[in-house]
Structures are given as C-alpha cells and as structure tokens.
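Numbering (this note's numbering), first residue to last: 6 to 161.
We put the beta carbon where it would ideally sit given N, CA and C, even for glycine.
Step one of this worksheet: look at the structure below.
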C-alpha cells in the first residue's frame, strides 16, 4: 500500500515537472526564438509597452494596432517584444494582445516538442490566433476553431 502511494506521488510529481517545463507563461527575454515569430496587434488597439512583465512597471511607449513585433519571451501572461524600427519599444505587453497568422497546413499540437500530439491542421487559408505565450521555437496559441494549441512555425 505504501509503495502504491509513493508510486502515485512520483507519477503526479512527474506530471507537475512536465507541465511546468512546457508552461508558456514562464521564461525570461530570450526564452523564445525572436526571428521565428512576428505578431500583429488587433486593428485599432493601443497597448502600453512596459519595462517589466506587470501592469505596475513603467511604460516605455505604446504600440498601435497592426504593428509588427518580434516576440522573444513570456512570463506570467506577458510577452517580451521588440520592434526593429523603434528600439525604445523593447519591453513587455500582455500576451493576449498579440495575434499571429499560421500558414495553411501547419500541424497544431497538444504540447510543444516530442511529447505533443497533432490535434489539428491549420485551415486552407492562413488562420489567425491569439498568442498565449512561447517556449523555445514554439508558440502557444488559441482561436475559436481549435482552442489552445502549440505550433512551431508561423507565417512571417
């Protein structure tokens, strides 16, 4: 009985480690490959870019709708972004304010990396997804058709 309980606890601890390792909300700047992701803000949106991943961090500027940004990390629901033609806009925005287009025929996974299984393929036309976070070369995304998924490629 004790062995069974210890075994169960070990399995649960293992799941916690796996879940923690693929959590998109953790990761400092540089935890994602910035050249692989270009995100678009929703049309007409104005978003404060902050010096840290909290709403209390000082603002370093604002992004206006449809601005193209490079995503390089995520932490606690915030995305670390940079704008090539506006170096002062290197900072943090709420991740759910960013969108990406996934090219047609891309696999959408349950988890990033080899542990994930294919849940769906992106539609014939490029699909738009809201960004939830990132992990390495992978993006955690959501839309109404597929729900929460991971992908390793986006259309730039």
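Q: Give the secondary structure of residue 81 by DSSP, where H, G and I count as helix, E and B as strand, and everything else as coil.
A: DSSP places residue 81 in coil when its eight states are reduced to three.
Q) Exposed or buried, residue 72, counting other C-beta atoms within 10 Å across all chains shown (16 or more means buried)? A) Residue environment for residue 72: buried (at least 16 other C-beta atoms within 10 angstroms of its C-beta).
Q: Give me whichever residues DSSP pairs with residue 129 in a beta bridge.
A: None, per the DSSP bridge assignment.
Q: Taking residue 128 as the reference, give the member of 121, 102, 148, 136 with the closest Cα.
A: Across the set 121, 102, 148, 136, the C-alpha of 148 shows the shortest separation from the C-alpha of residue 128.
Q) Using CA coordinates, which residue listed in 139, 143, 119, 69 is at the minimum distance from residue 84? A) Answer by Cα proximity: 139.
Q) To which residues does DSSP link residue 67 through a beta bridge? A) Note: residue 67 sits in a beta bridge opposite 53.
Q: Inspect the beta-carbon positions of residue 100 and residue 118 and report whether they are closer than 7 Å.
A: Cβ distance not < 7 Å, so residue 100 and residue 118 don't count as in contact.
Q. Between residue 108 and the ligand ZN, is the CB less than 6 Å from at least one heavy atom?
A. Questions concerning the ligand ZN fall outside what the structure shown contains, since it holds no ligand whatsoever.
Q | Candidates 106, 79, 98, 74, of which the one nearest residue 91 by Cα | A | When C-alpha distances from residue 91 are compared across 106, 79, 98, 74, the shortest belongs to 74.
Q) At which residues does the beta strand (DSSP E) containing residue 99 begin and terminate? A) Run containing residue 99: 96–99, per the beta strand (DSSP E) assignment.
Q) Among residues of its own chain, excluding the 5 on either side of residue 143, which ones have a beta-carbon nearer than 6 Å to its beta-carbon? A) Excluding positions up to five away in sequence, the list reads 117, 155, 157.
Q. Between residue 37 and residue 76, what straight-line distance do the alpha-carbon atoms span, to the nearest angstrom?
A. Linking residue 37 to residue 76 through their CA atoms gives a straight-line distance of about 7 Å.
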